[in-house]
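One structure is given here, and the rest of the page talks about it.
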Amino acid sequence: MQFELKDVSFSYQPDAKEPKYAVHHVSFSVEKGEFLAIIGHTGSGKSTLIQFLDGLLKPTSGKVFFNGTEITAKGYQYSNLRRLVGLVFQYPEHQLFETTVLKDVCYGPKNMGLDKEEQQARAIRALKAVRFPEDSYEKSPFDLSGGEKRRVAIAGVLAMEPECLILDEPTAGLDPHGREDILSMCRELQGSGITVILVSHSMDDVAEFAERILVMDSGELKYDGAPKEVFRHVDALEGIGLSAPETVYLMRELKKRGYDVPEVVLNTEEAKEILLDIFKK
Ligand code: ADP
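Counted the way my numbering counts, the sequence shown spans residues 20 to 300.
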């Protein structure tokens, strides 16, 4: 098991008379190599939750384990954890600062004290993993497109060769092509054995890419299950400010009109087949 959270709660004002909890009594675990998504309305506790996973925040109560070791224990050294758990913040490209792409991606390995050859080898592997074009390694990061900048920023985290990559809204502000690039890259990374945890607002994205979804609501874990399970609860999801992928609404509408279609379809290809079948009749 990669992560285990046991009854974790967190308040930004723990000493207040009536503390408000950003995360309240949350328990779940993550297997190594899983592709997990965390969804929830703004303010539901997603960002707080992911910061427990690399020790940036320590829960007010409860325990967090990484690879079987309690990271919330007194005296735990976080430096190794931060290398093994790569956290990609929202709009990570704002943190690019070096004169060339390659130098920027080398920054993490350099800080780890690796020699120059190893820094470069890791940076190049990471840039390849995010499918960044080789002839642009010497470009200034500031001359890149939005999607390219973001991929370079993600490569900067990957260059530390983490076991787990956590991305907070990695597709925010990108066009459909840029979104698809980032998400299929995440799938490839998972294929190479990395655990991927994705925080997202896009129901279509998580439905298509995640194997499992956690739904947060007001600091509490409302659902934890496979996408097909979670998106059965359309009404409840709407009640907490979320929605379901478009294909779920399409099936609902067809069902209302008397067609015998599955309740939850998450994939546009599958929806297309169902529609074609109906039109054939
Ligand atoms: P999400 O990522 O789902 O938008 P957050 O984890 O950022 O949710 O926020 C959960 C709750 O904690 C919200 O009520 C938010 O206002 C509060 N919160 C987040 N960050 C801070 C902070 N630095 N100080 C005080 N309250 C915060």
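Just so you know, even glycine gets a beta-carbon here, dropped at the ideal spot from N, CA and C.
All of these numbers come straight from a predicted model, not from anything done at the bench.
**Request:** Evaluate Gln109 with the Cβ neighbour count: other Cβ atoms within 10 Å of its Cβ, from every protein chain shown; 16 or more gives buried, anything less gives exposed.
**Result:** With fewer than 16 other Cβ atoms within 10 Å, it is exposed.
**Request:** Consult DSSP for Val284 and reduce its assignment to one of helix, strand or coil.
**Result:** Reduced to three states, the DSSP call for Val284 is coil.
**Message:** When you compare the CB positions of Pro160 and Val176, do they come within less than 8 angstroms of one another, or not?
**Reply:** No, they are not a contact pair.
**Prompt:** Taking 7 angstroms as the line, does the beta carbon of Tyr31 fall inside it for any heavy atom of the ligand ADP?
**Reply:** Distances taken from the Cβ of Tyr31 to the heavy atoms of the ligand ADP include one shorter than 7 angstroms.
**Request:** Starting from the C-beta of Arg169, find all residues in its chain whose C-beta is less than 6 angstroms away, skip the five residues before and the five after it, and write them out in chain order.
**Result:** Answer for Arg169: Glu112, listed in chain order.
**Asked** Within the present structure, is the beta-carbon of Ser98 separated from the nearest heavy atom of the ligand ADP by less than 7 angstroms?
**Response** Ser98 has its CB no nearer than 7 angstroms to any heavy atom of the ligand ADP.
**Request:** Leaving out five residues on either side along the sequence, give the residues of the same chain with a beta carbon under 7 angstroms from the beta carbon of Glu23.
**Result:** So the qualifying residues of the chain are Ser48, Phe84.
**Message:** On the CB-based measure, 16 or more other CB atoms within 10 Å of its CB, does Pro325 come out buried or exposed?
**Reply:** Here the chain comprises residues numbered 20 to 300, so residue 325 is not present and cannot be evaluated.
**Request:** May I have the straight-line CA-CA distance separating Arg102 from Arg141, to the nearest angstrom?
**Result:** Between the C-alpha atoms of Arg102 and Arg141 there is a straight-line separation of about 13 angstroms.
**Request:** Return the chain-ordered ranges of every beta strand (DSSP E) run that is complete within the region 175 to 225 and spans a minimum of 3 residues.
**Result:** Correct list: 183 to 187, 214 to 218.
**Item:** Thr287 Cβ short of 7 angstroms to the ligand ADP heavy atom set
**Value:** Thr287 has its CB no nearer than 7 angstroms to any heavy atom of the ligand ADP.
**Request:** Could you say which of Ala191, Glu230, Glu292 lies nearest to Gln209 if we only look at CA atoms?
**Result:** From the listed residues Ala191, Glu230, Glu292, the smallest Cα separation to Gln209 is found for Glu230.
**Request:** Please find out if some non-hydrogen atom of the ligand ADP comes closer than 7 angstroms to the beta-carbon of Lys77.
**Result:** No; taking the cut-off as 7 angstroms, the Cβ of Lys77 has no heavy atom of the ligand ADP nearer than that.
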